[in-house]
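Engineer: Please find one structure pasted underneath; my questions will follow.
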Amino acid sequence: MEALGIWNYWVVVLLMMIGLYAVIARDHLVKKLIGLGMFQVAVIMFYVSMGKVTGGTAPIIPEDVPAEGVLYSNPLPHVLMLTAIVVGVATLAVGLALVVRIREAYGTVEEDELQRMNGAGS
Amino acid sequence: MSEHLSALIVVLPLLAAPVCLLLRQPTLVRIWTSLVAWTCLILAWTLLGRVETGGTISYSMGGWDPPLGIEYRLDALNAYLLVIVTAIASVVFPSGTILTGTSLPEGRQHLYFAALLLCLAGLLGISSTGDLFNVFVFVEITSLSSYTLISLGKDRRALTAAFSYLVMGTIGGTFLLLGIGFLYQVTGTLNMQDLAVRLPDLLQSRTVLAGFAFLMVGGSIKLAVFPLHQWLPNAYTHAPSAVSAFIAATATKVSYYLLARVIFTIFGAAFVFDALHLHWLLLPLALMAMFAGSLAAVFQTDLKRLLAYSSIAQIGYMILGLCMASEAGLTGGIVHLFNHALMKGGLFLAVASIVMRTGSSSVAGISGLGRKMPITMAAMVVGGLSLIGVPGTAGFVSKWYLVVGALERGWHFVGILILLSSLIAVVYVWRLVEAAYFGEPEHEVCDVPWNCWLPTWILIGGTLVFGFWTEVTVGGAAAAARAILGVTP
Amino acid sequence: MSVKPPMRMREKVLLRVASQVFIPLILLFGLYVQFHGDFGPGGGFQAGVIFAAGFVLFGLIFGLEALQRVVPLSVVESCVALGLLIYGGVGVSCLLRGGQFLDYGVLDHHSSMHGQHLGILIIELGVGLTVAATMLAIFYAMAGRGRT
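Have a look at this one:
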């Protein structure tokens, strides 16, 4: 039962695999991007859950109260993820912009049709 | 001010990119971009000199000392890489829109230059930071701007190529992030030097092993190591020519640096090669890349795709140098970084000139161009000879060191295979020569003006110069190899 | 029976009135998150997105043309650049005052505490400006494309 105790990892693994499956198995480019987003979110969840300290409180040190013996959660992973979220948003924006232009150029966003239109071997 | 150079070299292109948005005027933006690239080259050269005389330069961002703060750390390898990247940038950027052939409408050209500068800033950032998470951020800056740049190709297939690169690149980047997370979880630090101190006691941990695996796979996707190279041919083929030249010559080099840094500085060669025996995985992949890449190049009908497959083979040579984990082998790998950047950059620019004149980049299309465009085609031939590794060109120098490294390790068969794969390179280079000099001319064209062939010849001329004058390239590479192996001369 | 063309959003009284109430509140809340970031949860990223959401809502209700009359694309692009330059400018001015890049402590002569405050405030302003402008730029790029 020890393995079930670290359930946050199971969530992360599950989300990651669902995302990766969507990227590989779906033909629709927007669905691929959604899968990619889930894939990234899984890693963000991983970092965020990593920063949690059991029994820890928000890492804000009050000016007047002495802060001896108080257990704080680790804020660093959250701060890192702020950057990773921005990266994710930027990737999604570039990806969607590409999808829009692909649709304008090809008239479709289904990968198998795109491959057929690009010709075999390219 | 001079102690801030290692920060300024990244900050300058990063801040120059938004200025492009404000300037807007195409000519003005072009001059501005070139000026920035040249300044960066001067900065990089100064830094290299300073590292050579004064040893490692450490710079703490925001006044927070490492390992808490973000550290920019330059040793012989970083400085060498900075010079490669900025040198290629300062040759490719001025070629501007004449050679690029982007699909951007009139009045939006400045966005292309902004993306180029961002890409440069990302590459310089990866090469100079000493903080693992900062590496991830710069990897993504580089990747995002290169997706954009690739999608600017005139052919609509540039869009699908950029999209599949985006999917692959994001998966690679996320793997890097996950690997960094595992290492942070175990050690509680993101600073590379600090990691190197803390990791040796924790190498038995499965988390560290998983982190290492994710970092290696993520880095290999970005580098396009053999089975993970699928995105590369399409991306290089359909991108605007100048973008192909810039990315082919710099982006893979920086990813190679990242892998070397992870293996040698963070985990240490003893763990990676003696305990994990990673070379028995990387060596076959490198050899397969050399042969599969070269063989695929032989059968290509498109010049840019031919060069792209040849790039995959060349990445194989570099990985080969990495697996040897000896001074000679790594020197070979690193000097090949430099030489390959010169020849691929030059060759892609030559193709850019051909595309500009004939309108296509097919191998059949260069028929007879040896007489019509003598300057460009001569550059192509010299670059091709350097790809083969003919003595007197830069390609020979790096292959020489790789063979020496292989023999030193007692891997005689690897030495022979390097020579054999070079023979395949003879085949695909000969196809170009045959078409260009023995075919009948199809196009009535004249050679490109001097401002188009000059960038090509600066790079191609470089391969000739550094084929004889190896003091700078090999000397710098050997210093870099010693720096990451931790050997004191 | 004739088919009536679908009503445009600005013709719907409820949407128009509700959005007129909400848009100023959203913008105000954006500013609050921006400047309260010192003392509580908040900061440039969140504020920028909230601020841009106000404009996007305006664009959804009153149409893209109306929004582009309020904030033309060139202004948006300049704001993206300007925000980044504010950020970098703070870093460079730290250099000029003798500190490391982005070392806010040197921004104030008297106490490095004040300098830190000032530095992070201006930095977040730059971040907020860039994020808001980028969000709008993405909205323009996507919404401007017709369904062809």
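Protein sequences appear in the order of chains A, B and C. Residues 1 to 122, numbered by our numbering, are exactly what the first sequence covers, in order. Residues 1001 to 1489, numbered by our numbering, are exactly what the second sequence covers, in order. Residues 2001 to 2148, numbered by our numbering, are exactly what the third sequence covers, in order. Even for Gly, the Cβ is constructed at its ideal location relative to N, Cα and C. On a predicted model such as this, the values are computed, not experimentally measured, just so you know.
1) Give me the Cα-Cα distance between Val11/A and Trp1032/B, rounded to the nearest whole angstrom.
2) Please state the DSSP three-state secondary structure of Ser122/A.
3) Drop a sphere of 10 angstroms on the beta-carbon of Met2001/C, count the other beta-carbons inside from all chains shown, and report buried for 16 or more, exposed for fewer.
4) Does the region 2037-2047 of chain C come within contact of the region 2119-2137 of chain C, defined as at least 3 CB pairs closer than 8 Å?
5) Identify the continuous beta strand (DSSP E) that holds Ile1057/B and give its terminal residues.
6) Any idea which residues DSSP pairs His28/A with across the strands?
7) I need the boundaries of the beta strand (DSSP E) containing Glu1071/B, first residue and last residue.
8) Kindly say whether Glu2000/C, judged by its beta-carbon, lies nearer than 8 Å to any beta-carbon of chain B.
9) If we cut at 8 Å on Cβ distances, does Gly1316/B have a partner in chain C?
10) Can you list the residues of chain C that Ser1060/B reaches, using a CB-CB cut of under 8 Å?
11) Smallest Cα separation from Ala1296/B: which of Arg1482/B, Ser1310/B and Leu1166/B?
12) Output, in sequence order along the chain, the residues in the region 2027-2054 of chain C whose CB is closer than 9 Å to any CB in chain D.
13) So Met81/A and Ile44/A are in contact, right, with Cβ under 8 Å, and what is the actual spacing, rounded?
14) Quick check on this structure: which residue in Phe2101/C, Ser2074/C, Ala2143/C and Gly2128/C has the alpha carbon closest to the alpha carbon of Ala93/A?
15) Expressed to the nearest angstrom, what Euclidean distance is found between the alpha-carbon atoms of Ala105/A and Asn118/A?
16) Quick one: what's Tyr72/A bridged to in DSSP?
17) Where does Asp2108/C fall in DSSP's three states?
18) For Thr1129/B, which three-state DSSP category applies?
19) Does the beta carbon of Tyr1147/B sit closer than 8 Å to a beta carbon anywhere in chain A?
20) If we define contact as Cβ-Cβ less than 8 Å, is Tyr15/A a contact residue for chain C?
21) Are the region 1218-1231 of chain B and the region 1059-1077 of chain B in contact at 8 Å, needing three or more beta carbon pairs?
22) Taking C-beta pairs closer than 7 Å, name the residues in chain B that Ala90/A reaches, listed in chain order.
23) Tell me the rounded alpha-carbon separation between Ala97/A and Leu1281/B.
24) Taking C-beta pairs closer than 9 Å, name the residues in chain C that Val86/A reaches, listed in chain order.
25) Hey, could you find the ends of the alpha helix (DSSP H) Cys1323/B is sitting in?
26) Between the region 1176-1186 of chain B and the region 1211-1220 of chain B, are three or more C-beta pairs nearer than 8 Å?
27) Would you kindly report the start and end of the unbroken alpha helix (DSSP H) that includes Lys1399/B?
28) So, with DSSP's three-state summary, where would you put Met2001/C?
29) By the 8 Å beta-carbon criterion, what residues does the region 1389-1403 of chain B contribute toward chain A?
30) Tell me the DSSP secondary structure of Ser1255/B in three-state form.
31) Cutting at 6 Å between CB atoms, please list the residues of its own chain near Cys1323/B, excluding the five before and the five after it.
32) Quick one: Cα of Leu1195/B to Cα of Glu1071/B, how far?
33) Can you pull the chain C neighbours of Ala97/A, defined as C-beta to C-beta under 9 Å?
34) If the cut is a Cβ gap below 7 Å, which residues of chain A does Val1167/B touch?
35) Of all the residues that make up the region 1018-1042 of chain B, which are near chain C by a beta-carbon distance shorter than 9 Å?
36) Considering only C-alpha positions, which residue in the set Ile1263/B, Ile1171/B, Trp1430/B and Thr1358/B is nearest to Leu20/A?
Structural biologist: The relevant details are as follows:
1) 49 Å
2) Its pLDDT being 43, under 50, Ser122/A is placed unreliably in this model, and the value from its coordinates should be taken loosely. Reduced to three states, the DSSP call for Ser122/A is coil.
3) Because the pLDDT of Met2001/C is 48, which lies under 50, any placement of that residue in the model is unreliable, and the question is left without a value.
4) yes
5) Ile1057 to Ser1060
6) DSSP, once it has assigned bridges, lists Glu110/A as partnering His28/A.
7) That run of the beta strand (DSSP E) goes Glu1071 to Leu1074.
8) Nothing about residue 2000/C can be reported from this structure: the residues present for chain C run from 2001 to 2148 only.
9) no
10) In chain order: Gln2100.
11) Ser1310/B
12) Absent from the structure: chain D. Protein chains present are A, B and C.
13) 5 Å
14) Ala2143/C
15) 12 Å
16) Thr57/A
17) coil
18) Per DSSP, reduced to three states, the secondary structure at Thr1129/B is strand.
19) yes
20) Per the sequence presented here, residue 15/A reads as Leu, with Tyr not at that position. Not one chain C Cβ lies under 8 Å of Leu15/A.
21) no
22) Leu1144
23) For Ala97/A and Leu1281/B, the distance between alpha carbons rounds to 38 Å.
24) Phe2045 and Val2131
25) Leu1303 to Met1324
26) yes
27) Ala1394 to Glu1408
28) Low local confidence applies: a pLDDT of 48 at Met2001/C is under 50, so the model's placement there is unreliable, with the coordinate-based value given in what follows. Of the three classes helix, strand and coil, the one that applies to Met2001/C here is coil, per DSSP.
29) none
30) helix
31) Answer for Cys1323/B: His1279, Leu1282 and Leu1283, listed in chain order.
32) In a straight line, the C-alpha of Leu1195/B is about 13 Å away from that of Glu1071/B.
33) Ile2138, Ala2141 and Met2142
34) By Cβ distance, chain A contributes Val23, Lys32 and Leu36.
35) Of all residues in the region 1018-1042 of chain B, Pro1018, Val1019, Cys1020, Leu1021, Leu1022 and Arg1024 have a Cβ within less than 9 Å of some Cβ in chain C.
36) Ile1171/B
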